[in-house]
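Numbering-wise, UniProt numbering comes out as the position in the sequence shown, counting from 1, plus 6.
We put the CB at the ideal spot given by N, CA and C, even for glycine.
All figures in this text were calculated on a predicted structure; none of them were measured in a lab.
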Amino acid sequence: TYVLGIETSCDETAVAVTMDGNELLSNCISSQMEIHQRFGGVVPEVASRRHVERITIMIQDALEQAGIALQDISAIAVTQGPGLVGALLIGITAAKALSLTTGIPLVPVHHIAGHIYANHLVRPLQFPLVSLVVSGGHTELIYMEAHNHFECLGKTRDDAAGEAYDKVARLMGLPYPGGPPIDRLAHVGMETYNLPRAWLELDSLDFSFSGLKSAVMNVIHNANQRGEEIQEANLATSFQQSVIDVLIEKAMRAVKKTGVKRLLLAGGVSANRGLRSQLQARCDQDGIYLQIPPIELCTDNAAMIAAVGTYQWWAGNEAALTLNAEPNLKMSAVHR
Ligand code: ATP
Ligand code: MG
Ligand code: FE
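What follows is the structure, encoded as structure tokens:
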């Protein structure tokens, strides 16, 4: 089964072809990162415009690189949400046009399901499992007992982990996106700043990162007032360690609570070196099998969308041509 995946939820125009949901035949990504960098974040209007310019050529590239003719594609999988509505619409409109002209069925995919399935492209998912999803817009613990089955155990009450990285980077005068530069600095610094960890209620699997962001803001503000220099690397290390401590502890709580033996990391923040190595160490210690996507599949791509789409197609979960973008799409609305 060949599936074409289309992803335009944010600032990557991505198209890919997979075979049987786990073999990557092509994975084309046109990133707009440099365009948005000078604004310090993604500008929705600019993103949509760029998607329009790139989508057709990316579809051609993905088919060509896969060596698959359009008529051999079984289904077209497209990100329905969550994401920027104007950006989502470009991918959805392209997918619908293709479906209408070729008769190839359309299947809707939830972007976060995609991030989880990035792992499936490396090694088939084995259930039951818990996935820690850490991305630009989401921080969630998801329980899965089978394909297409997602149960949210906990999520962030304010900022997502990636969002916290981006905001703190901005406060520190580092470029967007903030994850990579903070990760690099954190590697050479020491934990000298005493920053808070939001554990919330005793058994809570929810997250909160806005207090940490405010704490960093205070550190910078106080230093400025006293005319002192910020120890940049040490602040990065302290911030990153606070994020990692909470992510790891909550993930292990979720693993214990559900009794699973398998943990998956997913989303853009799973590219973080500190998180990868410390979570691996903790899982080794606790006898939990940890699966982490390779760096290139951590951030937005369409291969992960095609992977989920394959299971959607096998489950008979087709979308009508009235399919619309859903900026706040719930997983349960598309994956049943
Ligand atoms: P969502 O998937 O929730 O809709 P998104 O698609 O914008 O949001 P991703 O592309 O999955 O998010 O991830 C982007 C985020 O990952 C950014 O916030 C970025 O700062 C963060 N990130 C990337 N690399 C690293 C890193 N090495 N360490 C920490 N964060 C990182
Ligand atoms: Mg992105
Ligand atoms: Fe994403």
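Residue i classed as buried or exposed, judged by whether at least 16 other C-beta atoms fall within 10 angstroms
i, result
"ILE63", "exposed"
"PRO202", "exposed"
"GLU18", "buried"
"ALA166", "buried"
"GLY258", "Per the sequence shown, residue 258 should be read as Met rather than Gly. The residue is buried, with at least 16 neighbouring Cβ atoms inside 10 Å."
"HIS227", "exposed"
"ASN200", "exposed"
"SER105", "buried"
"PHE45", "exposed"
"GLY322", "exposed"
"ASN224", "exposed"
"PRO181", "exposed"
"ALA75", "exposed"
"ILE301", "exposed"
"MET337", "buried"
"SER276", "buried"
"GLU332", "buried"
"GLY185", "buried"
"LEU327", "exposed"
"ALA339", "exposed"
"GLY315", "buried"
"GLU146", "buried"
Opposing strand residues paired with residue i [DSSP bridges]
i, result
"residue 349", "The structure shown does not extend to residue 349, since the chain is modelled only from 7 through 342, so no value can be given for it."
"VAL113", "ALA83"
"ARG282", "According to DSSP, which records beta bridges pairwise, ARG282 is partnered with nothing at all."
"GLY11", "ALA22 and ALA83"
"LEU270", "SER137 and GLN297"
"ILE35", "ALA20"
"GLU29", "MET25"
"ALA339", "According to DSSP, ALA339 bridges with nothing at all."
"ALA325", "LEU112"
"PHE213", "THR162"
Separation of residue j from residue i, as counted between CA atoms
i, j, result
"GLY274", "THR305", "4 Å"
"HIS193", "ARG176", "19 Å"
"ALA242", "GLN77", "50 Å"
"ASN125", "LEU296", "11 Å"
"ARG55", "THR198", "44 Å"
"GLY109", "THR99", "15 Å"
"GLN132", "HIS341", "18 Å"
"LEU270", "VAL136", "6 Å"
"LEU94", "ILE41", "18 Å"
"GLY73", "ASP26", "15 Å"
"HIS144", "PHE215", "11 Å"
"ASP290", "GLY120", "26 Å"
"GLU59", "ARG163", "36 Å"
"ILE298", "GLN231", "42 Å"
"GLU255", "MET178", "27 Å"
"ARG268", "LYS262", "11 Å"
"THR24", "ASN307", "12 Å"
"CYS16", "GLY293", "36 Å"
"PRO183", "GLY142", "9 Å"
"GLU29", "HIS117", "19 Å"
"LEU127", "ALA239", "35 Å"
"LEU208", "VAL249", "18 Å"
"ASN278", "GLY168", "10 Å"
"PHE213", "LYS161", "6 Å"
"GLN247", "SER37", "29 Å"
"TYR123", "THR14", "17 Å"
"GLU151", "ILE61", "35 Å"
"ALA313", "ALA170", "29 Å"
"GLY97", "MET196", "43 Å"
"TYR149", "THR85", "21 Å"
"ALA103", "GLN66", "14 Å"
"ASN330", "ARG288", "42 Å"
"ILE188", "GLN43", "16 Å"
"ALA260", "THR7", "34 Å"
Distance between beta carbons of residue j and residue i, contact taken as under 8 Å
i, j, result
"residue 344", "ILE311", "With the chain covering 7 to 342 only, the question about residue 344 has no answer from this structure."
"PHE245", "LEU218", "7 Å"
"VAL174", "VAL139", "Going by Cβ atoms, the distance from VAL174 to VAL139 rounds to 20 Å, so no, they are not a contact pair."
"LEU281", "LEU253", "6 Å"
"residue 5", "VAL9", "In the structure as shown, the chain begins at 7 and stops at 342. Residue 5 is therefore absent and cannot be evaluated."
"ALA325", "VAL21", "Not really, about 18 Å apart at Cβ, beyond 8 Å."
"LEU335", "PRO88", "5 Å"
"PRO130", "THR264", "Actually they do not touch by this definition, with Cβ atoms about 20 Å apart."
"ILE82", "ALA68", "At roughly 11 Å, the Cβ-Cβ gap does not stay under 8 Å, so ILE82 and ALA68 are not in contact."
Test: residue i CB closer than 8 Å to a CB of chain B
i, result
"GLN132", "Going by chain labels, chain B is absent from the structure shown, which holds only one protein chain."
Residue i CB to nearest heavy atom of the ligand NAP below 7 Å
i, result
"ALA239", "The ligand NAP is not part of this structure, which contains only the ligand ATP, the ligand MG and the ligand FE."
Closer than 5 Å between the C-beta and any heavy atom of the ligand FE: which residues qualify, listed along the chain? SER141 and ASP306
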